[in-house]
Amino acid sequence: MRKELPKQYDPSESEGRIYANWMEKGYFRADKREGSKGPYTISMPPPNITGQLHMGHAMYCVQDVLTRWRRMQGYDALWLPGTDHAAIATEVKIVEQMAKEGLTKADLGYDKFMERAWAWKEQYGSRIVEQLKLLGSSCDWSRERFTMDEGCSKAVKEVFVALYEKGLIYRGERIINWCCSCKTSLSDAEVEHNEHDAAFWHICYPYTDGSGVIEVATTRPETMLGDTAVAVHPDDPRYADKIGKEVLLPLTGRTIPVIADTYVAMDFGTGAVKITPAHDPNDFEVGLRHALPILNVMTEDGHMNADAGAAYEGMDRYDCRKQVVKDLEAGGYLIKIEPLKHSVGECYRCHTVAEPRVSTQWFVKMAPLAGPAIEAVKSGETKFVPERFEKTYFHWMENIRDWCISRQLWWGHRIPAYYCDACGETVVSRETQTVCPKCGGKMAQDPDSLDTWFSSALWPFSTLGWPERTGDLEYFYPTSTLCTAYDIIFFWVARMIFSGCEFMGKAPFSTVLITGLIRDELGRKLSKSLGNGADPVEIIQNYGADALRFTLLTGNSPGNDLRFYDEKAQNSRNFANKLWNAARFVLMNLGENEPAPHIPTELAPEDKWILSRFNATVRDVTDNLEKFELGLAAGKLYDFIWDEFCDWYIELAKPTLLALASLPAEKTRAVLVYVLSNTLKLLHPFMPFVTEEIWQALPHDGESIMISPWPEYSLALDFPAEEARMQVLMGAIKAVRNRRAEMNVPPSRRANLFIRSEYTLDRAFFLRLAGASEVHWIEDDYGEGDNAPCATAVQIICQGCKIWIPLGDLVDLEAERARLEKDLANVEKQLSGVQAKLNNESFVSKAPAAIIEGARENARALTEKRDALAESLNNLR
Ligand SMILES: [Zn+2]
Ligand SMILES: [Zn+2]
360 MRKELPKQYD PSESEGRIYA NWMEKGYFRA DKREGSKGPY TISMPPPNIT
410 GQLHMGHAMY CVQDVLTRWR RMQGYDALWL PGTDHAAIAT EVKIVEQMAK
460 EGLTKADLGY DKFMERAWAW KEQYGSRIVE QLKLLGSSCD WSRERFTMDE
510 GCSKAVKEVF VALYEKGLIY RGERIINWCC SCKTSLSDAE VEHNEHDAAF
560 WHICYPYTDG SGVIEVATTR PETMLGDTAV AVHPDDPRYA DKIGKEVLLP
610 LTGRTIPVIA DTYVAMDFGT GAVKITPAHD PNDFEVGLRH ALPILNVMTE
660 DGHMNADAGA AYEGMDRYDC RKQVVKDLEA GGYLIKIEPL KHSVGECYRC
710 HTVAEPRVST QWFVKMAPLA GPAIEAVKSG ETKFVPERFE KTYFHWMENI
760 RDWCISRQLW WGHRIPAYYC DACGETVVSR ETQTVCPKCG GKMAQDPDSL
810 DTWFSSALWP FSTLGWPERT GDLEYFYPTS TLCTAYDIIF FWVARMIFSG
860 CEFMGKAPFS TVLITGLIRD ELGRKLSKSL GNGADPVEII QNYGADALRF
910 TLLTGNSPGN DLRFYDEKAQ NSRNFANKLW NAARFVLMNL GENEPAPHIP
960 TELAPEDKWI LSRFNATVRD VTDNLEKFEL GLAAGKLYDF IWDEFCDWYI
1010 ELAKPTLLAL ASLPAEKTRA VLVYVLSNTL KLLHPFMPFV TEEIWQALPH
1060 DGESIMISPW PEYSLALDFP AEEARMQVLM GAIKAVRNRR AEMNVPPSRR
1110 ANLFIRSEYT LDRAFFLRLA GASEVHWIED DYGEGDNAPC ATAVQIICQG
1160 CKIWIPLGDL VDLEAERARL EKDLANVEKQ LSGVQAKLNN ESFVSKAPAA
1210 IIEGARENAR ALTEKRDALA ESLNNLR
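Quick note on the working numbering: the sequence shown kicks off at 360 and runs consecutively.
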């Protein structure tokens, strides 16, 4: 006995059960197998352990589609999953949790803090993984990794030490981006630029020799407290005699020099700029060139320190700004305030305005690493889909600055650098250093940790066992496809490419498939503050994972954003139900019969047609998947299943199936089962659960649809003549139905059809599907020959045939005549009214021209209408 399908499809009942079975059978496991087509690898972008499944993660179904499809094609398909320790985000959560207990990091100390962080990770870190399973993700969980697990940590240490030994990692005092709230440095990529309302404050600094003032302008007046020079362009004639003079820095009592540097733009503002080396990256460079003092006037949390002066010490940076402006104004130093809008850098995590801050950090020297990474994309070793994102990549790589990799955080990979308390010696090493090799003094490890992206940059090879030369690394590297959203091309994609080139000698993936962001119905980004966020877990509960996936895949095209709203998910659920009902119909008609194992010969035209359409769908869907056109593939499957298979083929097959024991019925059953079960295979990567559930109920070979072979295009199933013939038949039936609908003909009213066509069309279909009472094949146009049964007919012209339906068959002629007569009388009455007006001389001479023209137009329209009605009426007589 075959399994019966329940009347209603209930995803919440079946999805968990099916997934557990796949896991138990080990279908997700990828290994090198004899006779396979080779490896196909995707490294999953590791979601943060702090994360909860959002729509961006739900888009991982793209990776699942590709993996499932390649697996069915016979590749050793590995989708390697894992999670990211997310340094800043996780540390913020743990610090918040500690604050509730009145504890700080300092209270706990490094070791106890890390213990707590690991415990937090154990408790919450797997939530996102469990949610990814709800989506149906067919990852090889036996290979699941974590960016801070032993192997990944070893890889991080190895890379740091190797780059240091090559001179590509250095420690230095530089201007970096600082988040005053997260209290850590940020890389350039971690700073988001947004428009802010701001102002230019124009300030004057008096020359100490009494020869007047020099005017500078700034958007951050509080930083003037840290100025150590004013700079002008060396060729600027306005300042030729001022260079080398000193000015009094207002509010501070300090004097600073006027220096000349080509960095200054002569044509901008007054051509003089204040130089604050500790708080501006360009000023820092100028300061280095002129050996200016670096005066840091702020604390780590964005307050003013003692160097800002006693009047300002302890103030918040924005309070200080107000106070400085007030004091400048009081002292007569403020010339004017000019409002402007400009872009301000914010911390990408907490959106606090980032503060440029001079500090000692670790950096990766990027120029030597960028070269091979640019070449990898230029040479086509790695391709971006769509290609336009290569521009974004090149632009960033070609203008890249050194990467600040140290973070003032504890949660993360600790920097493997050790400093001697006694002589200051620095040792960078794979092994823990306690004794100074130079003086025998005590060594302490750098308290900072590495940027999270430093470890995720190694993800494609660290997860395969690097730095060990493992069999996995040998077989599955380089990976095949990286799927990621465009917002992390800089953070992640670029860094993986240069790391792969440097340490593996090969770029880490052959294709970067850029997925779009998900937006709401109105095209807005999904966000908590807009209240338009859609929760994928909720959508799975309401409509099933298949419906969520199909919604995200329909219309999906590389690099383009996608709109998501509830009705779309409902449509996808309806699609799953449609398929379910079609499957129940097939199973019901199959009864206890076994279908023929092969496609029978001597098939009916409609059988050949559906096989041929199925075959074309196999070809198109496979072709679309090869080109990453998942949205087009989903659309074709939807149309084929809904329209051609369910709405047409099943309807066409019904009369044959009614003769249960007949040979044609047996053939039709075989075709139904063949097309349905193979179509399920095509749909499986998109809707894995419902396809498995139905496939198990159908006669099938093998254990699971997910490991069944992907259908292949076959010339033997190509029936162009039958396709053309069925196209004409279906077009004709559709046209008759449409015309009947337009004329409000009730289904019970059947009509004679007179058809002229060069194709042989089966009359049974017209009787069943086009409301025909009888079908007459005719040689000449209707009404032209001697055998015309009546003169009045509705004529339909469609591709490949002409159809006439006697009007009397469709409508009640008596009633129609009465209606037309009434209409005609009405129109004639209106027309004579208008004409009477136009014949009235006083109207024609007095009324404005526009009114007269309007009346004439009306008369013309009414005349036309009258003639048409009269002709219709005449036809009926
Ligand atoms: Zn922050
Ligand atoms: Zn020492």
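Ideal Cβ positions, reconstructed from N, Cα and C, are used throughout, including at glycine. As the structure is a prediction and not an experimental result, all values here were calculated from the model.
> How big is the Cα-Cα spacing for D639 and E581?
Replying inline: 12 Å
> Nearest to W755 by CA position, among V852, A781, E532, is which residue?
Replying inline: V852
> Do E688 and T629 have their C-beta atoms within less than 7 Å of each other?
Replying inline: no
> Helix or strand or just coil, what does DSSP make of H772?
Replying inline: coil
> At a cut of 8 Å, does the stretch 931 to 941 reach the stretch 995 to 1008 through at least three beta carbon pairs?
Replying inline: yes
> With respect to the beta strand (DSSP E) encompassing T1222, which residues constitute its N-terminal and C-terminal limits?
Replying inline: That residue, T1222, is in no beta strand (DSSP E); its alpha helix (DSSP H) goes 1208 to 1235.
>> What residue range does the beta strand (DSSP E) around V656 cover?
In response: First-last for V656: undefined, no H or E at that position.
> Quick one: Cα of M360 to Cα of N952, how far?
Replying inline: Reliability fails at M360, whose pLDDT of 45 lies under 50, so the model's placement of it is uncertain and no value is given.
> Do A1029 and P964 have their CB atoms nearer than 7 Å?
Replying inline: no
> Going by other Cβ atoms of all chains shown within 10 Å of its Cβ, with 16 needed for buried, is H1043 buried or exposed?
Replying inline: buried
> What three-state label does DSSP hand P370 in the structure shown?
Replying inline: helix
>> Tell me the rounded alpha-carbon separation between A557 and R579.
In response: 9 Å
> Is the number of C-beta pairs between the stretch 703 to 714 and the stretch 544 to 556 that are closer than 8 Å three or more?
Replying inline: yes
> Since I618 sits in a beta bridge, which residues does DSSP pair it with?
Replying inline: A590
>> Tell me which residue opens and which closes the alpha helix (DSSP H) that N936 is part of.
In response: 925 to 949
> So is Y378 buried or exposed if we call it buried at 16+ other beta carbons inside 10 Å?
Replying inline: buried
>> For a test of your reading of the model: does the CB of A803 fall under 6 Å from any non-hydrogen atom of ligand 2? Yes or no.
In response: no
>> I want to know whether the stretch 512 to 529 touches the stretch 722 to 737 - three or more CB-CB distances under 8 Å.
In response: yes
> So, is C511 buried or exposed, given that buried needs 16 or more other C-beta atoms within 10 angstroms?
Replying inline: buried
>> According to DSSP, is Y566 part of a helix, a strand, or is it coil?
In response: strand
> Between D686, E1187, P1070, which lies nearest to R429 when the distance is taken from Cα to Cα?
Replying inline: P1070
>> Per the DSSP calculation, R613 is bridged to which residue(s)?
In response: L608
>> Is any non-hydrogen atom of ligand 1 found closer than 6 Å to the C-beta of C709, if you look at the structure I gave you?
In response: yes
> Roughly how far, in whole angstroms, is the beta-carbon of L491 from the beta-carbon of Y399, given that I think they are within contact range, below 8 Å?
Replying inline: That pair is no contact at about 19 Å.
>> Which of the three DSSP states is assigned to L699 in this structure?
In response: strand
> Is R502 close to chain C, meaning its C-beta is less than 7 Å from at least one C-beta of that chain?
Replying inline: Here there is only one protein chain, and chain C is not present.
>> As a quick check of your reading: which residues have a C-beta less than 5 Å from at least one non-hydrogen atom of ligand 2, in chain order?
In response: C779, A781, C782, E784, C795, K797, C798, G800
> In angstroms, rounded to a whole number, what distance separates the CA positions of S869 and H1059?
Replying inline: 36 Å
> Among R1096, R1215, L970, M1085, which one has its Cα closest to the Cα of N1037?
Replying inline: L970
> Looking only at C-alpha atoms, which of G410, E372, Q432, V787 sits nearest to S395?
Replying inline: Q432
>> What I want to know is whether the C-beta of S501 ends up closer than 6 Å to one or more non-hydrogen atoms of ligand 1.
In response: no
> When burial is assigned at 16 or more other CB atoms within 10 Å of the CB, is Y622 buried or exposed?
Replying inline: exposed
> If we ignore side chains and look at the alpha-carbon of each, how far apart do D920 and L412 end up?
Replying inline: 19 Å
>> Going by DSSP, what residue range makes up the alpha helix (DSSP H) through I1064?
In response: Unbroken run through I1064: none, as it is neither H nor E.
>> So, for A389: in the same chain, excluding its five sequence neighbours on each side, which residues have a beta-carbon less than 7 Å away from its beta-carbon?
In response: D435, A436, L437, D499
>> Checking the sheet assignment: what are the DSSP bridge partners for N1111?
In response: E1133
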